[in-house]
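Residue numbers (UniProt numbering): 1 to 248.
Worksheet: the structure to be examined is printed underneath.
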């Protein structure tokens, strides 16, 4: 039997424990009373906050309430909103045709940002193509590690490769959320992990750079950051639930 290529990541110092803490934090948040009667409203708010955070991580910062009011037409923010809104509908296709879904995410994210001829087309680089193929194999069932670790790897690898022109980070974050949706870890899209990345942006940038080195310490740095962002995202779910119940 072929060894799982991602299994060694769980042997890195503190990573298995960090994954367990992140999973437990999200599990506790899923018990919030607001989800019983207002689950759709909670998911919509998570989607909005995730999109605002993702655009912010691309350098396009907007106030959440201004975005909610529908007055922000800036293309990267609009692309992030389109990506966030499309994720539930793409979750079933994602493990079957990840390269196709990545192209779709880029079309959604980069419209009016890059030339139409570049939409959905990865850069012409054989190294990038080979690594995208390897990533697609993982997504399509090439690993049995927890979805949290797979999502972190997908996210980090796409940030590192930047396989598409324009707001490639929006694509990377969308793809990572798709891992959580499609595996059933977060089938309703309630984990605002991108808010965690945004709140810890200096760490996010530094850890992404460390991931790109491919060293054990670099991979550990990224995985620790990712699990911390998951915990922030879980706390965000609790905060959204509290706000919705208070307004009901």
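C-beta atoms are modelled at their ideal positions from N, C-alpha and C, and glycine is treated no differently.
Contact check between the segment 154-163 and the segment 66-86: fewer than three CB pairs, one atom from each, fall below 8 Å, which does not count as touching.
By the neighbour-count criterion, in which a residue is buried when 16 or more other Cβ atoms sit within 10 angstroms of its Cβ, residue 81 is buried. In the three-state reduction of the DSSP assignment, residue 183 falls in the coil class, being assigned neither a helical nor a strand state. By the C-beta density criterion, residue 104 is buried, having at least 16 other C-beta atoms within 10 angstroms.
Boundaries for residue 10: no alpha helix (DSSP H) harbours it, and the DSSP string shows neither H nor E there.
The segment 191-200 makes no contact with the segment 124-137: fewer than 3 CB pairs, one atom from each, lie closer than 8 Å. Distance from the CA of residue 233 to the CA of residue 196, rounded to the nearest whole angstrom, comes to 5 Å. For residue 149, the uninterrupted alpha helix (DSSP H) segment begins and ends at 147-161. When the alpha-carbon of residue 172 is set against those of 165, 155, 90 and 130, the nearest one is in 155.
Counting of Cβ neighbours within 10 angstroms places residue 217 among the exposed residues, the total staying below 16. Counting along the chain, the unbroken alpha helix (DSSP H) around residue 56 starts and ends at 34-57. The Cβ atoms of residue 237 and residue 18 do not sit closer than 7 Å to each other. About 4 Å separates the beta carbons of residue 6 and residue 143, which is inside the 8 Å limit, making them a contact pair. The three-state secondary structure of residue 164, taken from DSSP, is coil. Between residue 36 and residue 57, the alpha-carbon positions lie close to 32 Å from each other.
The continuous alpha helix (DSSP H) containing residue 213 extends over residues 201-213.
Three or more Cβ pairs drawn from the segment 169-186 and the segment 106-113 lie within less than 8 Å of each other, which places the two stretches in contact.
In this structure, residue 177 sits away from residue 48, with a CB-CB distance that is not shorter than 7 Å. A residue is called buried when at least 16 other Cβ atoms come within 10 angstroms of its Cβ; residue 133 does not meet this threshold and is exposed. In the structure shown, residue 17 adopts helical secondary structure according to DSSP, grouped into three states. The Cβ atoms of residue 181 and residue 91 lie closer than 7 Å to each other. Of the candidates 41, 167 and 187, 187 places its Cα closest to the Cα of residue 94. CA-to-CA, the gap between residue 116 and residue 165 works out to about 11 Å. Nearest to residue 247 by C-alpha distance, out of 26, 41 and 222, is 41. In the assembly as shown, residue 66 is an exposed residue. Its beta-carbon has fewer than 16 other beta-carbons within 10 Å. Classified as buried, residue 46 has 16 or more neighbouring CB atoms from the shown chains inside 10 Å of its CB.
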